[in-house]
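A.B. asks: If you're matching positions, the sequence shown starts at 64 in the working numbering and goes up one per residue.
Take this structure first; my questions come after.
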Amino acid sequence: METSMGEKIKKLRKDKKMTQTDLAGSEMTKSMLSQIENNLTMPSMKNLQYLAFRLGKPASYFIEDQLKQNDSIEEEIQEELKEAARLLSEDKAEEAQNRLERMTKNYNLEQDSKLNADLLSKYGECFIELNNYELGKEKIEEAVAIYKNKFQYIEAAKSYYLLIGIPWNDFDYIKCVEILEEAIAIYKCSLNKDYAFEIEILYMRSILCTSLDQLEEGILATTQALEISNRTKIYYRSDEFYKIMAVLNLFLDKTEHLNEYLDKARQFATFTENYAVLSSIESILGIYNNQLGEHEKAIEHLNKALEVSKAIGAFVYPELAKTYYLMKQYQLSLDMIALMQYPNYTPLKYDYLILWSSKTYEGLSLNKLGRSKEAIEAIKQGIEKMEIVGNSKTLAFAFRSLSEIYSDIEDYENAFTALKRANEISDIAKTSNLYY
Numbered sequence: 064m065e066t067s068m069g070e071k072i073k074k075l076r077k078d079k080k081m082t083q084t085d086l087a088g089s090e091m092t093k094s095m096l097s098q099i100e101n102n103l104t105m106p107s108m109k110n111l112q113y114l115a116f117r118l119g120k121p122a123s124y125f126i127e128d129q130l131k132q133n134d135s136i137e138e139e140i141q142e143e144l145k146e147a148a149r150l151l152s153e154d155k156a157e158e159a160q161n162r163l164e165r166m167t168k169n170y171n172l173e174q175d176s177k178l179n180a181d182l183l184s185k186y187g188e189c190f191i192e193l194n195n196y197e198l199g200k201e202k203i204e205e206a207v208a209i210y211k212n213k214f215q216y217i218e219a220a221k222s223y224y225l226l227i228g229i230p231w232n233d234f235d236y237i238k239c240v241e242i243l244e245e246a247i248a249i250y251k252c253s254l255n256k257d258y259a260f261e262i263e264i265l266y267m268r269s270i271l272c273t274s275l276d277q278l279e280e281g282i283l284a285t286t287q288a289l290e291i292s293n294r295t296k297i298y299y300r301s302d303e304f305y306k307i308m309a310v311l312n313l314f315l316d317k318t319e320h321l322n323e324y325l326d327k328a329r330q331f332a333t334f335t336e337n338y339a340v341l342s343s344i345e346s347i348l349g350i351y352n353n354q355l356g357e358h359e360k361a362i363e364h365l366n367k368a369l370e371v372s373k374a375i376g377a378f379v380y381p382e383l384a385k386t387y388y389l390m391k392q393y394q395l396s397l398d399m400i401a402l403m404q405y406p407n408y409t410p411l412k413y414d415y416l417i418l419w420s421s422k423t424y425e426g427l428s429l430n431k432l433g434r435s436k437e438a439i440e441a442i443k444q445g446i447e448k449m450e451i452v453g454n455s456k457t458l459a460f461a462f463r464s465l466s467e468i469y470s471d472i473e474d475y476e477n478a479f480t481a482l483k484r485a486n487e488i489s490d491i492a493k494t495s496n497l498y499y
């Protein structure tokens, strides 16, 4: 059974038949010694060494049980934090927050300790997931300050990196880049390396470059990440990086290595059982076959994507709707859209535009079936959503489609207005090198 420091001091004092006054001597008061023996206060290192000398024991004798207890508590806390992280990964932020609140009540952590910084960082991540950005930012900044004071720059960088979640939710990719650069600057203060985190940074950079239509920069970041993976044998996110390479080259109409990238992505995704990536690979092949005009093959790949993982169905059904529309099977196109469940939130610009492009094909199909009023409303709804992320080729196509429908019902004034807007956006897309 573990014995407290105070109990050890009291027992040894009594074994040596010493009074508190005898043991305290001239170095401390009897009252102070009494508080130490009753575990009401902890002695300074100087006083502990004095007491150890008087009692004939090394100072380590009095603190070894305390150290064991601290190690045990730290292990408990780290396990609790891992569980909170698991809950966050499963989109259970409220459950994670409740767990962290219990931890705060159960453990009296030193304010400037690493454990407290770990707790604050996870707290901040929870609050950001729950859209409480102000409190999330406050907790993370507290954690970063503690890590920096302890020269734990890698942990500080990882915690600061979490702040990207705030502007990310508003499609503010420029601000995301600023936060990413600051996280990198903090990381570079460390004398050590964390290659998995370097790969994570490059993953985010590639995503942000894609969202900002900086596709060549996105390819560069992806290439750098794969180089680190191959050099260090840390194949973190390799399946996703090869998938990104395929997508970016498809956007740039550089398809000579497309199958090579997809094969690599499939190998890693199969090994890690990443069904979302495996499904995405089939979806990419569906998009590519549609570009080639091979619609039957596109349908095969898109249906296979759904078989592999229903989770990405919201992004497969729009392409299926497009495929059936191109094949002039308008009711099947509408059937695909009817199967869609629009997620509450999709922060990646490309995914977001794919999602809401479905309203354009819904409108086009409805119009072909003689339901022009419903068609106009569907496309207007899609336009309203797509305008949130700014100008894009997808938005221009929606306005052009709307113009065609207005023309079909001989509403030439609205047709002209929609076409004018489509041309304006197309011109911006060309000068700004917008790819989708």
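All C-beta atoms, glycine included, are put in the ideal place defined by N, C-alpha and C.
1. Using the three-state DSSP reduction, which class does T286 fall into: helix, strand or coil?
2. State buried or exposed for S269, treating a residue as buried only when at least 16 other CB atoms are found within 10 Å of its CB.
3. Near Q444, what residues of its chain come up, given a Cβ to Cβ distance below 6 Å and the 5 sequence neighbours on each side ignored?
4. For A17, which residues from the same chain have a beta carbon less than 6 Å from its beta carbon, with the 5 sequence-adjacent residues on both sides left out?
5. Excluding five sequence neighbours on each side, which residues of the same chain lie with their C-beta closer than 8 Å to the C-beta of S495?
6. Select from R329, I249 and F234 the residue whose C-alpha is nearest the C-alpha of A219.
7. State the DSSP-derived secondary structure class of Q215, mapped to helix, strand or coil.
8. My parser needs the alpha helix (DSSP H) runs of 4 or more residues fully inside the segment 183-264; what are they?
9. What first and last residue would you give for the alpha helix (DSSP H) that runs through S495?
10. Going along the chain, which residues of its own chain have a beta-carbon closer than 8 Å to the beta-carbon of S420, five neighbours each way excluded?
11. Going along the chain, which residues of its own chain have a beta-carbon closer than 7 Å to the beta-carbon of D78, five neighbours each way excluded?
12. Please list the segments of the alpha helix (DSSP H) lying wholly inside the segment 376-447, counting only runs of 4 or more residues, in order along the chain.
13. Would you tell me roughly how many angstroms separate the C-alpha atoms of N366 and V452, rounded to the nearest one?
14. For C252, count neighbouring C-beta atoms within 10 Å of its own C-beta (all shown protein chains included) and say buried if the count is 16 or more, exposed if not.
15. Decide if Y236 is buried, meaning its Cβ has at least 16 other Cβ atoms within 10 Å, or exposed.
16. Could you tell me the alpha carbon to alpha carbon distance between T82 and G88, rounded to whole angstroms?
17. For T295, which three-state DSSP category applies?
18. Please classify K373: does DSSP put it in a helix, a strand, or coil?
19. Would you kindly report the start and end of the unbroken alpha helix (DSSP H) that includes D154?
20. From F334 to A259, what does the alpha carbon distance come to, in whole angstroms?
21. Between E137, L411 and K71, which lies nearest to P121 when the distance is taken from Cα to Cα?
22. Between which two residues does the alpha helix (DSSP H) containing G349 stretch?
23. Could you give the first and the last residue of the continuous alpha helix (DSSP H) run that contains E467?
24. Under the criterion of a Cβ to heavy atom distance below 6 Å, does E336 qualify as lining the ligand ADP?
25. Taking contact to mean at least 3 C-beta pairs separated by less than 8 Å, is the segment 196-208 in contact with the segment 370-380?
26. Mapping DSSP to helix, strand and coil, what is S274?
27. Would you mind giving the Cβ-Cβ distance between Y498 and L321, rounded to the nearest angstrom? I have them listed as a contact below 8 Å.
28. Among the candidates E357, P230, M68 and E100, whose CA atom is the shortest distance from the CA of P410?
29. Could you check what DSSP says for M105 in three-state terms: helix, strand or coil?
30. Taking a contact to mean a Cβ-Cβ separation below 7 Å, would you say E345 touches A374 in this structure?
31. I242 to L432, Cα distance in whole Å?
32. Would you kindly check if the distance between the Cβ of E263 and the Cβ of L10 is under 7 Å?
33. So, for A206: in the same chain, excluding its five sequence neighbours on each side, which residues have a beta-carbon less than 7 Å away from its beta-carbon?
34. Using 8 Å for Cβ pairs, my map puts E137 next to L178. What's the rounded Cβ distance?
35. Could you spell out the range, first to last residue, of the alpha helix (DSSP H) harbouring K71?
C.D. replies: On the basis of the supplied data:
1. helix
2. buried
3. K422
4. Because the chain here runs from 64 to 499, residue 17 falls outside it and cannot be looked at.
5. D276 and N454
6. I249
7. coil
8. 196-212, 216-224, 228-231 and 236-250
9. Here S495 belongs to no alpha helix (DSSP H), and DSSP marks it neither H nor E.
10. P381, K385, G445, M449, T457, F460 and A461
11. none
12. 376-389, 393-401 and 412-431
13. 29 Å
14. exposed
15. buried
16. 10 Å
17. helix
18. helix
19. Unbroken run through D154: none, as it is neither H nor E.
20. 18 Å
21. K71
22. Y338 to Q354
23. K456 to D471
24. With respect to the ligand ADP, the structure shown offers nothing to examine, as it has no ligands at all.
25. no
26. helix
27. At roughly 16 Å, the Cβ-Cβ gap does not stay under 8 Å, so Y498 and L321 are not in contact.
28. P230
29. coil
30. no
31. 49 Å
32. The question about residue 10 has no answer here: the residues shown for the chain are numbered 64 through 499.
33. A180, L183, S184, G187 and S222
34. 6 Å
35. M68 to D78
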